[in-house]
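Right, one structure below, let's go through it.
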Amino acid sequence: MGPIFLIVLLLIVVYIYYLFFFGGNRNRFKNQTTSHEENGETVYRYDRVGRGPLQEIVDERIKTVYELIEVPAQDKPNNQLFGTRKPLGNNQYGEYEWVTYGEFVTMRKHFGSGLVHLGAKTGDPIAIWAPNRLEWVLASHSCYPYNLYNVSLYDTLGRESSTFILKQIEAQFLVCDKTKIPAVFKLKKECASLKYIICMDENVIDQYKEKAESVGLNLYTVQEILQIGEETFSEEKLNFPTPEDICMIMYTSGTYGNPKGAILTHKNYIAGTVNPINTNIVPNENDILISYLPLAHIYEKMMESWIFYGHGKIGFFTGNVRNITSDMNILKPTVFPVVPRILSRIYDNVMDKISNSPFHIRQLFRFCYWAKSRDLKRGRNFSLWDILIFNKIKSMVGENIRLMVTTSAPISTTHHNFARVCLCPLLPQSYGMTETAGAGTCQRKGKVSLGNVGSPSTDIEIKLVDVPEMEYFASKGEGEVWFRGPCVFQGYYKNQEETDKVLTQDGWLKSGDIGRINLNGTFSIIDRKKNILKLQQGEYVAPEYLESVFNKCPSIAQTYVYGSSFESNLVAIIVPDFEALGYDQQNKEALRKVIADPKIKKQIEKEMLEISKIEKLKGFEYIKEFHLEHEMFSVENGLLSDTYKLKRITAKTYYQKTLTKLYDNFKKKSDSPNKKDK
1 MGPIFLIVLL LIVVYIYYLF FFGGNRNRFK NQTTSHEENG ETVYRYDRVG
51 RGPLQEIVDE RIKTVYELIE VPAQDKPNNQ LFGTRKPLGN NQYGEYEWVT
101 YGEFVTMRKH FGSGLVHLGA KTGDPIAIWA PNRLEWVLAS HSCYPYNLYN
151 VSLYDTLGRE SSTFILKQIE AQFLVCDKTK IPAVFKLKKE CASLKYIICM
201 DENVIDQYKE KAESVGLNLY TVQEILQIGE ETFSEEKLNF PTPEDICMIM
251 YTSGTYGNPK GAILTHKNYI AGTVNPINTN IVPNENDILI SYLPLAHIYE
301 KMMESWIFYG HGKIGFFTGN VRNITSDMNI LKPTVFPVVP RILSRIYDNV
351 MDKISNSPFH IRQLFRFCYW AKSRDLKRGR NFSLWDILIF NKIKSMVGEN
401 IRLMVTTSAP ISTTHHNFAR VCLCPLLPQS YGMTETAGAG TCQRKGKVSL
451 GNVGSPSTDI EIKLVDVPEM EYFASKGEGE VWFRGPCVFQ GYYKNQEETD
501 KVLTQDGWLK SGDIGRINLN GTFSIIDRKK NILKLQQGEY VAPEYLESVF
551 NKCPSIAQTY VYGSSFESNL VAIIVPDFEA LGYDQQNKEA LRKVIADPKI
601 KKQIEKEMLE ISKIEKLKGF EYIKEFHLEH EMFSVENGLL SDTYKLKRIT
651 AKTYYQKTLT KLYDNFKKKS DSPNKKDK
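Per UniProt numbering, the very first residue in the sequence shown carries number 1; after that it's consecutive.
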């Protein structure tokens, strides 16, 4: 232990020297938000905008999504743009093969020309249903030279939602991969308008053409449309959009009922691209993004738009998130967008390895972690800690990563700090909605801190509105977050009733999220308005918040909290973290035995009670009865939306008998003369 002691002592001396001679930027967290009064309410803006006009564009030459790629292609036609790994068989893939900016704009003109030749007219929708790949973005961006718009379907959408969307938009054209073709045949009866399937994969014509014709569909491949378009292309066909034209309809994930189609104009979308640029992190042509989060989600679209501004490139993953490490090793990305679930997995893996390491390694990690955390709070990054230990951890996501961004859901301060210390110091949080083209708030370079989602983007303004039933009041700096600005959508497609629920006549969009304005002008999302339960005695409960609390338990992977206005307490469905408990999650039969083990239930019950006390939950927020489930909530079994949010109505229906039984069990215990209150 002698040499190790000397090394640690030396580190402490060096660090103290560093603290004295290299001061951090102590003013970097000064107030980032300005405010003014409007009709008796406080309206917040980013401090540099003040009372001036909100920002609508990043580049004077780019006012439509058509120009978003066209302008970079004129500037740097030979820069690589989109990369794909070709399959070699046996789940093996080759190196990335690239299409340049110049090649891509030619391809999209030809593909769009092919669509027009088949009958697509100005203002028609082109539906896309597939995982991320070159043909996806080709179909999407081919719309714009001809003033068409695209409608994206989540890759994992079930038949019911897919049918609803295709019927509602009266789609004639659907671009999809070959795995969707059988499903399209089945839903054709309900989608009378559908005429053309354009398959992204080759060698499908012989297999499916006869069946397609029998159900009234014309089947083409992407390559065939490109060839038709090239042969029939003429400049006269081009019909460029204006900022006021529709560029896309993005369907929300639909946690309640049918999905809703958010209408975004070119102006809305381009204003939305201001948000990632607002991070003050300038994209450049050396930037490489790995595309793996769904392109049907506004978050991924905005990250790719950020790359376009810098003339950088985008490599698509090979289709399986489990193989993404292999893709990243080949691609060597500099930009890695993440969602909280992914960071949580990385955190668990690293901390598990550290806890099983020798004593001196654990102590070294703890010291370096503490020291770097302190540095980051002061706006510094002492590279010695990276050299000693963190570069090895960073190799898990790639040594070239200079920017990680997280959105989609709030990230815990523990996971956020861990990722900044161990993976990438530049990890800003942002907050936005499909209905704002992804805009809202963002943390800026040099101002990234924990526990908030940053200050308003320069293209939007925010106000907080009272929610008295939840005891949130704007006068106290808390309330429902409302947005207004050029990025706010036009409404839900063919759904005026839902539009009127969220859009006011003076242009404000109700988010449904509860926010808090912090002393430094940043915002924190602290609750959700829509999912509020009212118990029998009149207490209001926020189940999503409680689920986030109980999911902190070491032995819990997922939680569904349920309550009823006819009951006085809460019950829950809980999926244990079988891996943390030491069980193989693939062995379903063994897992059924695990959830029946009273010791496991007792352990989880103890953890829930402890976290309830730590988080200072009120008595009526405690879970009185719960059921252990061996199967994870997932998109595949219909319990999660495509943005991995719990579909509460579906879950209630799915577990109705179990929930009823839980309440019956609780009542039996309550009626028992030997029952003791916990």
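For each residue, glycine too, the CB sits at the ideal point set by N, CA and C.
Cross-strand partners of residue i (DSSP beta bridge)
i, result
"S152", "I128 and M250"
"H36", "V43"
"R528", "D513"
"F316", "S291"
"K534", "Y540"
"C199", "C176 and T221"
"A262", "M250 and Y492"
"G440", "G432"
"Q92", "G89"
For residue i, three-class secondary structure by DSSP
i, result
"E97", "strand"
"F82", "strand"
"W482", "strand"
"Y292", "coil"
"T660", "helix"
"T242", "coil"
"N356", "coil"
"E567", "coil"
"Y66", "helix"
"T434", "helix"
"E610", "helix"
"F418", "helix"
"H627", "strand"
"G272", "helix"
"F233", "coil"
"T221", "strand"
"F104", "helix"
"M404", "strand"
"residue 680", "The shown model of the chain, from 1 to 678, leaves out residue 680, and the question about it has no answer."
"Q603", "helix"
"F578", "coil"
With 16 other Cβ atoms within 10 Å as the buried cut-off, status of residue i
i, result
"A139", "buried"
"H297", "buried"
"T653", "exposed"
"M558", "Residue identity differs from the one stated: residue 558 is Gln in this sequence, not Met. With 16 or more Cβ atoms within 10 Å of its Cβ, Q558 is classed as buried."
"W306", "buried"
"residue 739", "No answer is possible for residue 739: the residues shown for the chain start at 1 and end at 678."
"F104", "buried"
"L519", "exposed"
"R484", "buried"
"Q172", "buried"
"H416", "buried"
"G89", "exposed"
"D177", "buried"
"H36", "exposed"
"N637", "exposed"
Same chain only: Cβ atoms within 6 Å of residue i, ignoring 5 sequence neighbours per side
i, result
"F82", "V99, L134 and I314"
"A271", "E56, D459, P486 and C487"
"T658", "H627"
"K661", "none"
"K394", "L423"
"D124", "L148"
"Q406", "Residue 406 is actually Thr in this sequence, not Gln. Same-chain partners within the cutoff: V338 and Q429."
"T255", "The predicted model places T255 with a pLDDT of 47, which falls under 50 and marks its position as unreliable; any figure quoted below should be read in that light. Excluding residues within five positions, the ones whose Cβ falls inside 6 Å are S641, K645 and K647."
"K86", "G94"
"Y269", "V65, C247 and A437"
Cutoff 7 Å; reference residue i; Cβ partners in own chain excluding five residues on either side
i, result
"V215", "F185 and K188"
"D287", "I307, G310, G312, T334 and V335"
"L639", "F633, L646, K647, T650, A651 and Y654"
"N323", "none"
"P283", "W306, I307, Y309, G310 and G312"
"I588", "Looking at the sequence shown, residue 588 is not Ile but Lys. Counting only Cβ-Cβ distances below 7 Å, and skipping sequence neighbours, we find H630."
Own chain residues within Cβ distance below 8 Å of residue i, not counting five before or after
i, result
"I600", "S555, P576, L581, V594 and L628"
"V397", "M328, F336, I346, M404, L423 and C424"
"N381", "K372, D375 and P425"
Neighbour flag for residue i against chain B, beta carbons, 8 Å
i, result
"F240", "Absent from the structure is chain B; it holds one protein chain and no more."
Check: residue i C-beta below 7 Å from any heavy atom of the ligand SAH
i, result
"V43", "Ligands in the displayed structure: none, and consequently the ligand SAH is not present."
* Any chance you could list the alpha helix (DSSP H) runs of at least 4 consecutive residues sitting entirely within the region 154–178, in chain order? => 159–169
* **Within the region 324–374, ranges of the alpha helix (DSSP H) (whole runs, at least 4 residues)** => 324–331 and 340–355
* Counting only runs that start and end within the region 445–494, where is the beta strand (DSSP E) found for 3 or more residues in a row? -> 461–465 and 478–484
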